[in-house]
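S.K.: Numbering (my numbering), first residue to last: 60 to 141. Shown below is the structure under consideration.
Listed below in structure tokens is the structure:
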């Protein structure tokens, strides 16, 4: 028997001074109550250290977007508002 699972993939980058500094990916599952799988990779450590606050803001925005998308996939229902 074939089981097929759907998921949504998000990709994001923090770019500073025309350089990719942070790469982010998220896999959001449409079935079940799984949280998204989020990966964050620092590509340019030198700029990352220099512009940490900018990178942190971009990372937080990406995580927030992934969690909001997961919330939508759950039909806007979570354990907090059942």
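Note that CB positions come from ideal geometry on N, CA and C, so glycine has one too. Quantities reported herein were computed from a predicted structural model and do not represent experimental measurements.
Among all the DSSP beta bridges, which residues are the ones paired with residue 81?
M.R.: The count along the chain shown starts at 1 and reaches residue 81 at position 22. The partner list for residue 81 (beta bridge, DSSP) reads 73, 101.
S.K.: Which of helix, strand or coil does DSSP assign to residue 64?
M.R.: Counting from 1 along the chain shown, the entry for residue 64 is found at position 5. Residue 64 falls in the coil class under three-state DSSP.
S.K.: Can you tell me which of 135, 65, 84, 110 puts its alpha carbon nearest to the alpha carbon of residue 125?
M.R.: Start at 1 with the first residue of the chain shown, and residue 125 comes out as number 66. Per the Cα distances, 84.
S.K.: Ignore the nearest five residues each way along the sequence and tell me which others in residue 99's own chain have a CB closer than 7 Å to its CB.
M.R.: Residue mapping note: residue 99 aligns to position 40 of the chain shown, counting from 1. Once the five neighbours on either side are set aside, the close Cβ partners of residue 99 are 81, 83, 118.
S.K.: Could you tell me if residue 110 is buried or exposed, where buried requires 16 or more neighbouring beta carbons within 10 angstroms of its beta carbon?
M.R.: What you label residue 110 is simply residue 51 of the chain shown in a count that begins at 1. Burial call: buried.
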